[in-house]
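Participant: Chains as they are written, first to last, in our numbering: chain A, 13 to 220; chain B, 13 to 220; chain W, 13 to 220; chain R, 13 to 220. Where is the CB? At the ideal position from N, CA and C, for every residue including glycine. A quick note: this is a predicted structure, and the numbers were derived from the prediction, not measured. Quick one: this structure, given as structure tokens, is what I'll be asking you about.
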């Protein structure tokens, strides 16, 4: 099985999920300009949730993109790990809205954290399953790149667990941990967005 | 006609339909943490409907994916079987929500069952039409793989009819039948996710 | 410019528009089984609108698919004809719901008819623009196939105009005309779903 | 990294965002034909917002399409510029609805203008980043084409800033500026929809 249909389904799901919180934004009905301004200001948790959700989904999409770039083919297990992964991803806007409205309560942090852990664990499993014994990956891919991806996913899952634990002490610490982790991930994706092996191949294909 | 546009349309429709029940989930408006917890708990039938719907659609998508993997080209009949199939697929979230809320009433089971039968019959027709006389399939595909797919789709349709019949006796038996069938299908997809012929071809293409 | 991105955008838009009326279907909240049955029955105009909309969009998608199959490349004019076409297509669920609820009033028929005329005129323009002087089409395509497509689109537009005119006499005649036209189109798409030239090419590519 | 997944995600997001305002259109519930007519007429700001939004998104999609046509590969920075760009694009229906309902108030114009500026600045950054030192673009692309695209994006951003400034004097001037700019862009996209280099290449590929 080729991976192209998983990619199309994946991009379709991310496109919908990324724009999901926009569906919540509706133009306020007002009678004067000051009221419009105030009502728009009052919508800030929705705007914030939208931006956070978009960035988090952007990070996850980039990592999944990066992973599938080195996966040469798919099989039944890999397919189902992806379907489970998409199920978890589609919850991100819900849990993001939850945390952006109730960030002082550990219930919101715990649910957000579980969603985050589930996502990273499924990414780790995909990475491990695809690369173990070179099962589904490109032959030319360096072991170092795979180890790097695995470390990121394990790190994300661990940080989320720590954030969940701190939510019972102080929810601000939890939010700080999530913020640092995602900021670090954005920096990582920006700085090293690509594997060299496939990249070189892509160049050759398009030039040749 | 190539099948690539049917695949893109299919993946788009599955992406939307899979995330359809997520659109129903909205963060509850509450004033204290205990209330938030209770309101989230009270949403469990929606969460359950979402998970069931995602798994069922994941199974159907995998089988359709598997089928189109061996279909080399399309024609008018095949196109329309697919459009009818998509129409049936888009009903899955509705009937799933129906069954998850009213599982003790045979009306819900019957409607869910009809949806299920229609889906499997359309998949069977696609499979039969594409493979009869090697009309649309890869030349190198083994007859055994096609027979296997046909048996699965016929089995799914029959099991759904049996479940509908039992709904007038005891709806729990019907639900048990659906659960067993879909669990068996998930296992099948996971264990044998791919046809060997195309797979080998795909390998050759990507390596060569 | 290649046409592949127009195709992806097109399939995405059709996928959303096809599932748009499903978004309107929500499971009724009831207290006993008879009420559930009655409320589901009372939803029949919504179910009907969904089926009509899906079939109509399926026909239009098939024709557009058929057209783009012979279009080898795109340019600025063709791109904008497509964007205007998508704008018209996205109105189909709205006008279909309108006609399924208010089919005895000429206002609903007129709006539905205008939407239909606009769609066929834009398809005709795309077809004419792409084929005039062999501007954007495959060199090997037969003039007969293009003439056939043009005749279909002109026929659809004319029939819609006639249906609009009859709406002021008797709206049932208008609905009968629309039904006959779309039934004829479904038959046409099913019987002759493909151009021979590209088909042969596609076969060669995938076999070779 | 190849750009094909950015393209699929992009087309998915544009497909959703383009059809977003259609989701707002619902068939009015009425009891006589005159009321239907009046209620449909009263929906004109929604129809207008839909058309404006579709045209504006069509222009932006065309430019992005045009840009990615000459971008041969992607990297981490380019990926994130795109994700930020999609985030801005998904706001267009919201700000368009805002301006179509409250076009006499500078608050609506300012928000619309900021959205517009952000979009053009991100397109300019993508263009500059991809082309600087031939980082990500086709080798055969002419410097003139890139300069042209950069001039358009800079022009769009500047015109939007001017329109924001005029909104404090007279909002009609601002709206006139936006209208002229987008009309000019539509004309530009229609007249010169493609780069010659890639076009020639695409022709060769599909003919060969």
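For residue 211 of chain A and residue 200 of chain R, I'd like the C-alpha separation in whole angstroms.
Facilitator: For the purposes of this step, residue 211 of chain A is taken as residue 199 along the first chain, with counting starting at 1. For the purposes of this step, residue 200 of chain R is taken as residue 188 along the fourth chain, with counting starting at 1. Residue placement at residue 211 of chain A cannot be trusted, given a pLDDT of 47 that sits under 50; the coordinates are not used to answer.
Participant: Quick one: any contact between the segment 24-43 of chain B and the segment 96-112 of chain B, if contact means 3 or more CB pairs under 8 angstroms?
Facilitator: These segments touch.
Participant: Taking just the CA atoms, how far does residue 162 of chain B sit from residue 194 of chain B?
Facilitator: Numbered from 1 along the second chain, position 182 holds the residue referred to as residue 194 of chain B. Numbered from 1 along the second chain, position 150 holds the residue referred to as residue 162 of chain B. So the two alpha carbons sit approximately 16 angstroms from each other.
Participant: Under a Cβ-count criterion, where at least 16 other Cβ atoms within 10 Å of its own Cβ denotes burial, should residue 44 of chain A be classed as buried or exposed?
Facilitator: For the purposes of this step, residue 44 of chain A is taken as residue 32 along the first chain, with counting starting at 1. Exposed, since its Cβ has fewer than 16 Cβ neighbours within 10 Å.
Participant: First and last residue of the alpha helix (DSSP H) that includes residue 78 of chain W?
Facilitator: Within the third chain, residue 78 of chain W is the residue found at index 66, counting from 1. It spans 56-82 - the alpha helix (DSSP H) in which residue 78 of chain W sits, taken as one unbroken run.
Participant: Compare the C-alpha of residue 14 of chain B against each of B:179, B:55, B:149 and name the closest.
Facilitator: Taking the second chain and counting its residues from 1, the one referred to as residue 14 of chain B is at position 2. The residue with the shortest Cα to Cα distance from residue 14 of chain B is B:149.
Participant: At which residues does the alpha helix (DSSP H) containing residue 105 of chain B begin and terminate?
Facilitator: Sequence index remark: in the second chain, residue 105 of chain B carries index 93 (1-based). Note, residue 105 of chain B: alpha helix (DSSP H), 104-113.
Participant: Among W:19, W:39, W:131, W:141, which has the Cα closest to the Cα of residue 81 of chain W?
Facilitator: Here residue 81 of chain W refers to the residue found at position 69 when the third chain is read from its first residue. Nearest of W:19, W:39, W:131, W:141 to residue 81 of chain W, Cα basis: W:19.
Participant: May I ask you to report which of helix, strand or coil DSSP gives residue 149 of chain B?
Facilitator: In the second chain, the residue the question calls residue 149 of chain B occupies position 137. Three-state result, residue 149 of chain B: strand.
Participant: So residue 147 of chain A contacts chain R; which residues on that side make the cut at Cβ distance below 8 angstroms?
Facilitator: In the first chain, counting from the first residue as 1, residue 147 of chain A sits at position 135. The premise fails here: residue 147 of chain A is roughly 22 angstroms from chain R at the closest Cβ pair, so nothing lies under 8 angstroms.
Participant: Grab the span of the alpha helix (DSSP H) containing residue 234 of chain W for me, first residue to last.
Facilitator: The question about residue 234 of chain W has no answer, for chain W in this structure spans 13 to 220.
Participant: Here's the rule I'm using: 16 or more other beta-carbon atoms within 10 Å means buried, otherwise exposed. How should residue 179 of chain W be labelled?
Facilitator: One-based indexing of the third chain puts residue 179 of chain W at position 167. It counts as buried.
Participant: Taking only beta-carbon positions, decide if residue 133 of chain R is within less than 7 angstroms of chain W.
Facilitator: The residue labelled residue 133 of chain R in the question sits at position 121 within the fourth chain. Output row for residue 133 of chain R: interface = no.
Participant: Measuring straight from C-alpha to C-alpha, what distance separates residue 132 of chain R and residue 173 of chain R?
Facilitator: Taking the first residue of the fourth chain as position 1, residue 132 of chain R is located at position 120. Taking the first residue of the fourth chain as position 1, residue 173 of chain R is located at position 161. Answer to the nearest angstrom: the Cα atoms are 11 angstroms apart.
Participant: Determine the DSSP secondary structure at residue 32 of chain W, reduced to helix, strand or coil.
Facilitator: Locating residue 32 of chain W in the third chain gives position 20, counting from the first residue. Reduced to three states, the DSSP call for residue 32 of chain W is coil.
Participant: Quick one: Cα of residue 111 of chain R to Cα of residue 184 of chain R, how far?
Facilitator: For the purposes of this step, residue 111 of chain R is taken as the residue at position 99 of the fourth chain. For the purposes of this step, residue 184 of chain R is taken as the residue at position 172 of the fourth chain. Computed Cα separation, rounded: 11 angstroms.
Participant: Give me the subset of the segment 38-49 of chain R whose CB atoms are less than 7 angstroms from a CB atom of chain W, sorted by chain position.
Facilitator: Here the close residues are 39, 45, 48, 49.
Participant: Using a C-beta cutoff of 7 angstroms, does residue 203 of chain W count as contacting chain B?
Facilitator: Against the third chain, residue 203 of chain W aligns to sequence position 191. Chain B, which has a Cβ nearer than 7 angstroms to the Cβ of residue 203 of chain W, makes this yes.
Participant: Helix, strand or coil: how does DSSP classify residue 191 of chain R here?
Facilitator: Here residue 191 of chain R refers to the residue found at position 179 when the fourth chain is read from its first residue. In this structure, residue 191 of chain R counts as helix in the three-state DSSP scheme.
Participant: What is the DSSP secondary structure of residue 135 of chain R, counted as helix, strand or coil?
Facilitator: For this step, residue 135 of chain R is matched to residue 123 along the fourth chain. It is helical.
Participant: Cβ of residue 117 of chain R less than 7 angstroms from any chain A Cβ?
Facilitator: As a first step, residue 117 of chain R is located in the fourth chain; it is residue number 105 there, counting from the start. With 7 angstroms as the cut-off, residue 117 of chain R counts as an interface residue toward chain A.
Participant: Name the chain R residues whose beta carbon is nearer than 9 angstroms to that of residue 99 of chain W?
Facilitator: Taking the first residue of the third chain as position 1, residue 99 of chain W is located at position 87. Near residue 99 of chain W (Cβ distances below 9 angstroms), the residues of chain R are 30, 62, 63, 66, 67, 70.
Participant: Roughly how many angstroms lie between the CA atoms of residue 222 of chain W and residue 117 of chain W, to the nearest whole one?
Facilitator: No answer is possible for residue 222 of chain W: it lies beyond the span of chain W, which begins at 13 and ends at 220.
Participant: Of all the CB atoms in chain B, is at least one closer than 7 angstroms to the CB of residue 20 of chain A?
Facilitator: Taking the first chain and counting its residues from 1, one reaches residue 20 of chain A at position 8. Yes, residue 20 of chain A lies at the interface with chain B (some Cβ there is under 7 angstroms from its Cβ).
Participant: Determine which residues of the segment 162-182 of chain B have a Cβ less than 9 angstroms from any Cβ of chain W, and write them out in chain order.
Facilitator: From the segment 162-182 of chain B, no residue has a Cβ closer than 9 angstroms to chain W.
Participant: Cβ closer than 9 angstroms: which chain B residues qualify as neighbours of residue 79 of chain A?
Facilitator: In the first chain, counting from the first residue as 1, residue 79 of chain A sits at position 67. In chain order: nothing, as chain B lies at least about 16 angstroms away.
Participant: Compare the C-beta of residue 12 of chain A against all C-beta atoms of chain B and say whether one is closer than 7 angstroms.
Facilitator: Since the first residue shown for chain A is 13 and the last is 220, residue 12 of chain A is missing from the structure and cannot be characterised.
Participant: Can you give me the Cβ contacts of residue 121 of chain B inside the same chain, cut-off strictly under 6 angstroms, excluding the 5 residues immediately before and after it?
Facilitator: Here the question's residue 121 of chain B lines up with position 109 in the second chain. Excluding sequence neighbours, residue 121 of chain B sits near 179, 183, 186.
Participant: Does the Cβ-Cβ distance between residue 10 of chain W and residue 98 of chain W come in under 7 angstroms?
Facilitator: Nothing about residue 10 of chain W can be read from this structure; chain W reaches only from 13 to 220.
Participant: Can you tell me whether residue 182 of chain A is helix, strand or coil according to DSSP?
Facilitator: Residue 182 of chain A sits at position 170 when you count from the first residue of the first chain. Residue 182 of chain A falls in the coil class under three-state DSSP.
Participant: Might you give, ordered along the chain, the residues of its own chain that have their beta carbon closer than 6 angstroms to the beta carbon of residue 40 of chain W, omitting 5 neighbours on each side?
Facilitator: Locating residue 40 of chain W in the third chain gives position 28, counting from the first residue. If we look at residue 40 of chain W and ignore the five residues flanking it on each side, its Cβ neighbours are 51.
Participant: Which residues bound the alpha helix (DSSP H) around residue 99 of chain A?
Facilitator: Along the first chain, one-based indexing puts residue 99 of chain A at 87. Taken as a continuous stretch (DSSP letters only), the alpha helix (DSSP H) holding residue 99 of chain A covers 88-101.
Participant: Less than 7 angstroms between the C-beta atoms of residue 74 of chain R and residue 108 of chain R, yes or no?
Facilitator: Counting from 1 along the fourth chain, the entry for residue 74 of chain R is found at position 62. Counting from 1 along the fourth chain, the entry for residue 108 of chain R is found at position 96. No; because the gap between Cβ atoms is not below 7 angstroms, this pair is not in contact.
Participant: Run down chain R in chain order and give the residues with a C-beta less than 7 angstroms from the C-beta of residue 24 of chain A.
Facilitator: Numbered from 1 along the first chain, position 12 holds the residue referred to as residue 24 of chain A. Residues of chain R passing the Cβ test: 24.
Participant: Taking only beta-carbon atoms, is residue 121 of chain R less than 7 angstroms away from chain A?
Facilitator: Taking the first residue of the fourth chain as position 1, residue 121 of chain R is located at position 109. For residue 121 of chain R, the answer is no, since every Cβ of chain A falls outside 7 angstroms of its Cβ.
Participant: Taking Cβ to Cβ, would you say residue 137 of chain A is nearer than 7 angstroms to residue 93 of chain A?
Facilitator: Within the first chain, numbered from 1, the residue matching residue 137 of chain A stands at position 125. Within the first chain, numbered from 1, the residue matching residue 93 of chain A stands at position 81. Their beta carbons are under 7 angstroms apart, which means residue 137 of chain A touches residue 93 of chain A by this criterion.
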